[in-house]
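Asker: Under the UniProt record's numbering, the very last position in the sequence shown is 178; numbers go up by exactly one each time. For every residue, glycine included, the Cβ atom is placed at its ideal position computed from N, Cα and C. Owing to the predicted nature of the structure, the values given are computational and were not obtained by experimental measurement.
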Amino acid sequence: MALYRYVGSKDGLTDLMLDAAVAEVALPERGSDWRADLHELALRSWAMVRRHRWYAQLVHTRPPAGPHMMRRTEFMLSVLTDRGVPLVSAMTYAALVDRHIFGSGLQDAEEHRMRTRYGLDSAEKFLAAITQVRDLAAADGRCPQLTRWLSEPAGPSMDEQFELGLDCLLDGIAERLP
Numbered sequence: 001m002a003l004y005r006y007v008g009s010k011d012g013l014t015d016l017m018l019d020a021a022v023a024e025v026a027l028p029e030r031g032s033d034w035r036a037d038l039h040e041l042a043l044r045s046w047a048m049v050r051r052h053r054w055y056a057q058l059v060h061t062r063p064p065a066g067p068h069m070m071r072r073t074e075f076m077l078s079v080l081t082d083r084g085v086p087l088v089s090a091m092t093y094a095a096l097v098d099r100h101i102f103g104s105g106l107q108d109a110e111e112h113r114m115r116t117r118y119g120l121d122s123a124e125k126f127l128a129a130i131t132q133v134r135d136l137a138a139a140d141g142r143c144p145q146l147t148r149w150l151s152e153p154a155g156p157s158m159d160e161q162f163e164l165g166l167d168c169l170l171d172g173i174a175e176r177l178p
């Protein structure tokens, strides 16, 4: 059985894969708070991107014409236009939210690939690599803050960073709403 008897091309297969992944993103129940609606949709989309690391690498290689992606985009547009946002602005804001989701997803996928490629698959191995970078940063004294942070690396998780960025983005959109 040949796959291309059922799907006409590699691009067609990619389209189906992308739309099948987006189908996993359940649209939130619409509420009276546009921000909460977009926030929840973004978190659900982020969870899908984390499950399917390949998604962020492929999403911008094909037109977003699948029925599930169109349904998701329509949700974002209606949340904003129902609030009085002009359609062009609503599409811009929706695209910015998607860029945050998919850009963060691409960064996550590439970091995962880098850790796999260099055998940094455990916290101990990753810490050893950070120690080497710290020593390089400290060598000439020109990076004291980076050296200090690398001495005790800490900070929010990737999910926490994603949500912080999303909140900052939605704060900015809120400032521009009519």
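Alpha helix (DSSP H) containing VAL25: first to last residue?
Answerer: Element bounds for VAL25: n/a, residue is neither H nor E.
Asker: Checking 8 Å against the spacing of the C-beta atoms, do HIS100 and GLY165 come in under that value?
Answerer: Their beta carbons are under 8 Å apart, which means HIS100 touches GLY165 by this criterion.
Asker: Look at the Cβ atom of LEU169, then the Cβ atom of VAL97, and state whether they are nearer than 8 Å.
Answerer: yes
Asker: How should VAL88 be labelled, buried or exposed, when 16 other C-beta atoms within 10 angstroms of its C-beta is the threshold for buried?
Answerer: VAL88 should be labelled exposed.
Asker: Please name the residue in TRP149, TRP54, LEU77, PRO178 whose C-alpha comes closest to that of GLY103.
Answerer: Ranking the options by Cα distance to GLY103, first place goes to TRP54.
Asker: Are ALA94 and MET76 close, meaning C-beta to C-beta below 8 Å?
Answerer: yes
Asker: Span of the alpha helix (DSSP H) holding GLU74?
Answerer: 67-81
Asker: Can you give me the Cβ contacts of HIS68 inside the same chain, cut-off strictly under 6 Å, excluding the 5 residues immediately before and after it?
Answerer: Once the five neighbours on either side are set aside, the close Cβ partners of HIS68 are ASP19, VAL22, ALA23.
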